[in-house]
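Note that the working numbering has the sequence shown beginning at 14, numbered continuously upward.
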Amino acid sequence: MLRPQDGPTRELKRLDGLWRFRLDPGGEGRVEGWWQRPLARARDIPVPASYNDLFADAAVRDHVGDAWYQTTVRVPRGWAGERVVLRLDAATHRAVVWVDDVEVVSHEGGYTPFEADVTAHVTPGQEVRVTVVVDNRLTWQSIPPGIVEEGSSGPRQVYFHDFFNYAGLHRSVWLYCTPTAHVDDIAVVPGLDGTTGTLAYRVGIEGTGAVRAVLVDAEGAEVARAEGAEGSLTVADVHPWRPGEGYLYDLRVELTDGPEVVDSYTLPVGIRTVAVRGTEFLINGEPFRFTGFGKHEDLPVKGKGHDDAWLVHDVALMDWIGANSFRTAHYPYAEEVLEYADRHGIVVIDETAAVGQNMGLAKVVLGRDHTTFSPETIDERSREAHAQAVRELVARDRNHPSVVLWSIANEPESHTEAAVDYFAPLFALTRELDPTRPVGSANMMFSPHGRDRLQALGDVTMLNRYYGWYTSTGDLAAAEAALGSELEAWAAEGRPIIVTEYGADAMPGVRSVTPQPWSEEYQADLLAMYHRVFDRVGAVVGEHVWSFADFATSAGTGRVDGNRKGVFTRDRRPKAAAFALRRRWRGDA
Ligand code: GCB
Numbered sequence: 014m015l016r017p018q019d020g021p022t023r024e025l026k027r028l029d030g031l032w033r034f035r036l037d038p039g040g041e042g043r044v045e046g047w048w049q050r051p052l053a054r055a056r057d058i059p060v061p062a063s064y065n066d067l068f069a070d071a072a073v074r075d076h077v078g079d080a081w082y083q084t085t086v087r088v089p090r091g092w093a094g095e096r097v098v099l100r101l102d103a104a105t106h107r108a109v110v111w112v113d114d115v116e117v118v119s120h121e122g123g124y125t126p127f128e129a130d131v132t133a134h135v136t137p138g139q140e141v142r143v144t145v146v147v148d149n150r151l152t153w154q155s156i157p158p159g160i161v162e163e164g165s166s167g168p169r170q171v172y173f174h175d176f177f178n179y180a181g182l183h184r185s186v187w188l189y190c191t192p193t194a195h196v197d198d199i200a201v202v203p204g205l206d207g208t209t210g211t212l213a214y215r216v217g218i219e220g221t222g223a224v225r226a227v228l229v230d231a232e233g234a235e236v237a238r239a240e241g242a243e244g245s246l247t248v249a250d251v252h253p254w255r256p257g258e259g260y261l262y263d264l265r266v267e268l269t270d271g272p273e274v275v276d277s278y279t280l281p282v283g284i285r286t287v288a289v290r291g292t293e294f295l296i297n298g299e300p301f302r303f304t305g306f307g308k309h310e311d312l313p314v315k316g317k318g319h320d321d322a323w324l325v326h327d328v329a330l331m332d333w334i335g336a337n338s339f340r341t342a343h344y345p346y347a348e349e350v351l352e353y354a355d356r357h358g359i360v361v362i363d364e365t366a367a368v369g370q371n372m373g374l375a376k377v378v379l380g381r382d383h384t385t386f387s388p389e390t391i392d393e394r395s396r397e398a399h400a401q402a403v404r405e406l407v408a409r410d411r412n413h414p415s416v417v418l419w420s421i422a423n424e425p426e427s428h429t430e431a432a433v434d435y436f437a438p439l440f441a442l443t444r445e446l447d448p449t450r451p452v453g454s455a456n457m458m459f460s461p462h463g464r465d466r467l468q469a470l471g472d473v474t475m476l477n478r479y480y481g482w483y484t485s486t487g488d489l490a491a492a493e494a495a496l497g498s499e500l501e502a503w504a505a506e507g508r509p510i511i512v513t514e515y516g517a518d519a520m521p522g523v524r525s526v527t528p529q530p531w532s533e534e535y536q537a538d539l540l541a542m543y544h545r546v547f548d549r550v551g552a553v554v555g556e557h558v559w560s561f562a563d564f565a566t567s568a569g570t571g572r573v574d575g576n577r578k579g580v581f582t583r584d585r586r587p588k589a590a591a592f593a594l595r596r597r598w599r600g601d602a
């Protein structure tokens, strides 16, 4: 799905700002038709932002169910005769949207965009009312899963993942126009052969017309062109996209009718290749070593609301510390983040929101006894929702050169036949949708080498490990021995290993001369221990510390105002470990 843009044939209006907002714990709005009139008893709310932390009110923070958003927008009068589209970059976790009295679209899944052609429901020059109801409930059939239970003071949301269930309109909302006949979709596949680059492209169009593709370099010079909706462009003396250097070309796709350019869409593209060879992960044919983090979209006050200032600051900190990559744990991030990664040469592991599909873990953490995959829990419908999440992730992100690996789940149950039955078709689907990128899923420590059955389905071994924290707590020598022997065993399977999580909680200011968990020194020492082991095991090609920054979680005795495994605090101040990582990753500190 193409991101909306301004251009010679397209215009864009961002609907962000203060909207009207009302919680609906009783679910009355859908029955009473709240979209039909100005939202009664509403308050102002910023978009984009999670609603949970804005109002200093536990009823809002812990709300379960519908929340209504409303605004009015004047459709620009110059849009007469154009196709008008309303797009939401994300609504967490599902939403229905009305324009005035007409339902125009609904969508399931909290981290991917959706849109509706609203041409028939608007009049250029006139105002319309836009109403969105956002439902934050997680069920066995949602991605991620959860259970809503009746508590003494109303419904309570239970979930199996370790980050707070923020909800609302987390990303921008847009009204945009295109010509009626327009470029609907573009897919590119870059290639490299020595100093020659190639870009295979496929354009989907609505309406009729001829397609032309023009490739322009960063200085604005045309380097290749082709006619036809499908084709390949060749670039002599190509300037590849590479880690640390986000060189981009512009692919200008034009839909023409004789001499007239009916529509034009410009897609930034990077020319690079990705491959797995034995235990190596290759970018542009050269072995790449991932340094960086599993992150979260998580901010004080805004929750999961996207914010460009924090994006720029986070990337500045990643640069400061010497991180060349990150994983979008545990859901697809805002498209602004991927575009920024493209432009800055940051390598991305792109993950679906399938996290918490592991009832072995739920038993330990929540004391609950469920079967992970069963007709009563995660079932065929869940898998279809998961497949749809994969489709939407790949459709949205396949053109980003920064994305080098799809992660289709984080720490699912992975030792059972049921897990293999559930996941094998999802691996196949991902490869069918994108044969050009490796696929994996992050493994959890309850299914170590010898027990896990999913890693063999992937191209890369992805391990989340907490030796020295959840096991051998405080005993780094025992942890080192256990980690070393497990990694050696995985290495023998012949796939590259990315340790997608390792880390320890640390409370800033807790200092210790002896190995005390929760101290800044213990966090730094634990990371150093992992690095000693990584440097011994050649198949380890990636180290992603968990986590970049502290983040909000649900309440728990192991959580102190959230998860404290950040190398930076939630407001992005460095802990002692940050300086140690900088020394390792930059070597010049
Ligand atoms: C994990 C999860 C991550 C948690 C982390 C932890 O394995 O993938 O979501 O936050 O452990 O800190 O326990």
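Where is the CB? At the ideal position from N, CA and C, for every residue including glycine.
Since residue 145 contacts residue 82 with CB under 8 angstroms, what's their CB separation in whole angstroms?
Distance from residue 145 to residue 82 at the Cβ level is roughly 4 angstroms; contact confirmed, criterion being Cβ atoms closer than 8 angstroms.
Taking DSSP as the reference, what is the three-state secondary structure of residue 209?
Residue state, collapsed to three classes: strand.
So, using beta-carbon positions, are residue 195 and residue 96 closer together than 8 angstroms?
Cβ atoms of residue 195 and residue 96: closer than 8 angstroms.
Cβ shell of residue 536 (< 6 angstroms), same chain only, five flanking positions each side left out:
Taken in chain order, the residues that qualify are 517, 519, 590.
Would the C-beta of residue 254 count as close to the ligand GCB, meaning under 7 angstroms from any of its heavy atoms?
For the ligand GCB, not one heavy atom lies less than 7 angstroms from the Cβ of residue 254.
Only counting the same chain, and skipping five residues up and downstream in sequence, which positions put a Cβ closer than 8 angstroms to that of residue 228?
So the qualifying residues of the chain are 212, 235, 236, 237, 238, 246, 248, 262, 263, 264, 265, 282.
Please report the straight-line C-alpha distance between residue 153 and residue 392, rounded to a whole angstrom.
Annotation: residue 153 to residue 392 spans about 8 angstroms, alpha carbon to alpha carbon.
Can you name the start and end residues of the beta strand (DSSP E) that residue 265 belongs to?
In the DSSP assignment, residue 265 falls within the beta strand (DSSP E) that extends over 262-270.
Based on Cα-Cα distance, which residue from 217, 433, 225 lies nearest to residue 271?
The residue among 217, 433, 225 with its C-alpha nearest the C-alpha of residue 271 is 225.
Cα separation between residue 468 and residue 461?
If you draw a straight line from the Cα of residue 468 to the Cα of residue 461, it is about 10 angstroms long.
Can you tell me whether residue 175 is buried or exposed? The criterion is at least 16 other CB atoms within 10 Å of its CB, across all chains shown.
Label assigned to residue 175: buried.
Using 7 angstroms as the cut-off, classify the Cβ of residue 574 as near or not near the heavy atoms of the ligand GCB, replying yes or no.
No, Cβ of residue 574 sits at least 7 angstroms from all heavy atoms of the ligand GCB.
Cβ-based burial, residue 133 [other Cβ within 10 Å; buried from 16]
With fewer than 16 other Cβ atoms within 10 Å, it is exposed.
For residue 179, which beta-bridge partners are listed by DSSP?
DSSP lists no partner for residue 179.
With DSSP run on the structure shown, which of helix, strand or coil describes residue 334?
Residue 334 falls in the helix class under three-state DSSP.
For a test of the three-state rule: what should DSSP assign to residue 363, helix, strand or coil?
Correct three-state label for residue 363: strand.
For residue 216 and residue 352, what's the separation of their Cα atoms in angstroms?
A straight line joining the alpha-carbon of residue 216 with that of residue 352 spans about 20 angstroms.
With a threshold of 7 angstroms, establish whether the CB of residue 423 neighbours any heavy atom of the ligand GCB.
Residue 423: yes, Cβ under 7 angstroms from the ligand GCB.
Residues near residue 349 in its chain [Cβ-Cβ closer than 7 angstroms; skip 5 each side]
Closer than 7 angstroms at Cβ, skipping near neighbours: 319, 321, 324.
Cβ neighbours of residue 415 in the same chain (closer than 7 angstroms, five flanking residues each side left out)
Hits under 7 angstroms: 351, 354, 355, 359, 360, 361.
Rounded to a whole number of angstroms, what is the C-alpha to C-alpha distance between residue 76 and residue 179?
In a straight line, the C-alpha of residue 76 is about 10 angstroms away from that of residue 179.
Answer yes or no: do residue 524 and residue 532 have a C-beta to C-beta separation smaller than 8 angstroms?
Contact flag set, yes.
Around the C-beta of residue 376, are 16 or more other C-beta atoms found within 10 angstroms, so that it is buried, or is it exposed?
With fewer than 16 other Cβ atoms inside 10 Å of its own Cβ, residue 376 counts as exposed.
Which same chain residues end up closer than 7 angstroms to residue 330 when comparing Cβ atoms and leaving out the 5 residues on each side of it in sequence?
Within the same chain, residue 330 has close Cβ partners 581, 585.
Straight-line CA distance for residue 501 to residue 597?
Residue 501 and residue 597 have their C-alpha atoms roughly 22 angstroms apart.
Beta-carbon proximity list for residue 529, same chain, < 8 angstroms, skipping 5 on both sides
Once the five neighbours on either side are set aside, the close Cβ partners of residue 529 are 487, 523, 535.
Got a sec: does the ligand GCB put a non-hydrogen atom nearer than 7 angstroms to the Cβ of residue 363?
Residue 363: no, Cβ never under 7 angstroms from the ligand GCB.
If you reduce the DSSP assignment to three classes, tell me which class residue 96 lands in.
Three-state result, residue 96: strand.
Which residues does DSSP pair with residue 26 in a beta bridge?
188, per the DSSP bridge assignment.
Using a Cβ-Cβ cut-off of 7 angstroms (strictly less than) and excluding sequence neighbours within five positions of residue 305, which residues of its own chain qualify?
331, 336, 337, 338, 339, 557.
Bridge partners of residue 244, per DSSP?
In the DSSP assignment, residue 244 is bridged to 214.
Hey, residue 92 and residue 48: beta-carbon distance below 8 angstroms or not?
No, these two residues do not count as a Cβ contact at 8 angstroms.
Relative to the ligand GCB, is the shortest distance from any of its heavy atoms to the C-beta of residue 514 smaller than 7 angstroms?
Flag set: Cβ of residue 514 near the ligand GCB.
Using DSSP with H/G/I as helix, E/B as strand and the rest coil, what is residue 135?
Judged by DSSP in its simplified three-state form, residue 135 adopts coil rather than helix or strand.
Going by beta-carbon coordinates alone, are residue 203 and residue 285 separated by less than 8 angstroms?
Yes; because the gap between Cβ atoms is below 8 angstroms, this pair is in contact.
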